[in-house]
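All residue numbers for the sequence shown refer to UniProt numbering, where the first residue is 1 and numbers rise by one. First comes the structure, then the notes that go with it.
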Amino acid sequence: MGIEGDAMSAVDLRTILADPEHGGAYFIDDRDGEAMAQTAAGLDFAVMRVDLSDCVDKADLMARLAKAGGFPAGFGANWDALSDVLRDMSWRAAPGYVWLIEHAGAWRETYPEDFDTFLEILNEAAFEWAHEDVAFWALLPFPGDQLTALED
């Protein structure tokens, strides 16, 4: 999915990010990532930045997510544990959550099945948080010329 932020006003972006029903994993134009992170911070959301540049495998992904999210000690570093921790976040209470997952393109190309599993877990977490009336977003910035291909 993609969110186009170029024509949006700051008020529109705040309204969108604050709405738990629209949360989920979205591909966004990389030019919009910083504005969305700043808007989320302005809403007092927890903003976690994860840089996947040179991410070598699933274990490296888990380590980067755990560091960015401040996951509790004992995080199992597997898909089930990631799903559990993203649907809890009690150690980092906030009115909403935004994960800004940058430079994911190479990791996506190298590990397409893991990437799809990762997106599924992020979307499931957003769905669960929406039931609690809490916004949960995973924003994956990509160059604008790559967005159309990602959405196909």
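From the three backbone atoms N, C-alpha and C, an ideal C-beta is built for every residue, glycine too.
| Asked | Found |
| --- | --- |
| Distance between beta carbons of residue 86 and residue 121, contact taken as under 8 Å | 7 Å |
| Pair within 8 Å by beta-carbon distance, residue 92 and residue 46 | yes |
| CA-to-CA distance, residue 53 to residue 30, given in whole angstroms | 14 Å |
| In chain order, each beta strand (DSSP E) run of at least 3 residues that lies wholly inside the UniProt domain "Barstar (barnase inhibitor)" (46-140) | 46-51 and 96-102 |
| Length of the line joining the Cα atoms of residue 17 and residue 116 | 23 Å |
| Collapsed DSSP secondary structure at residue 19 in the structure displayed | coil |
| Residue 28 vs residue 141 beta-carbon contact at 8 Å | yes |
| Under the three-state DSSP convention, the category residue 12 falls into | helix |
| Close-in-space but distant-in-sequence residues of the same chain around residue 44 (CB under 6 Å, 5 per side omitted) | 95 |
| Reduced DSSP category for residue 44 - H, G, I as helix; E, B as strand; rest coil | coil |
| Residues that residue 24 bridges to, as DSSP identifies them | 137 |
| Closest by C-alpha distance to residue 100, when choosing among 127, 69, 21 and 59 | 69 |
| Beta-carbon spacing of residue 128, residue 33 below 8 Å | no |
| Residue environment, residue 1, which counts as buried when at least 16 other CB atoms sit within 10 Å | Legend: pLDDT at residue 1 = 45, less than 50; position of this residue unreliable, value from coordinates given subsequently. By the neighbour-count rule (16 or more Cβ atoms within 10 Å), residue 1 is not buried but exposed. |
| Closer than 8 Å to chain B by CB, residue 33 | Note that chain B does not occur in the displayed structure, where there is just one protein chain. |
| CA nearest to the CA of residue 80, picked from 114, 90, 23 and 98 | 114 |
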